[in-house]
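In this text, residue positions in the sequence shown follow my numbering: the first is -13, and each later residue adds one. For each residue, glycine too, the CB sits at the ideal point set by N, CA and C. So the structure is just underneath, and the comments pick up after that.
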Amino acid sequence: MGRLIKWLFYLVILGAIGLVGYAYVGPLFDPSFAPKSEEIRIPVELDAN
């Protein structure tokens, strides 16, 4: 059981290092991390009576 926990710990650490590395190196390979934004206007009719 101890070996399993140790390997899981190693996998979590490697995953975290990979995620941080991708966050730093990823923009060099041009993935867009920012969401595409556009303005949407929808008219709303309120019945105040």
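In the three-state scheme derived from DSSP, where H, G and I count as helix and E and B as strand, I26 is classed as coil. In this chain, G12 is not harboured by any alpha helix (DSSP H), its DSSP state being neither H nor E. G7 and I28 have their C-alpha atoms some 41 Å from each other.
CA-CA distance, L32 to I26, rounds to 19 Å.
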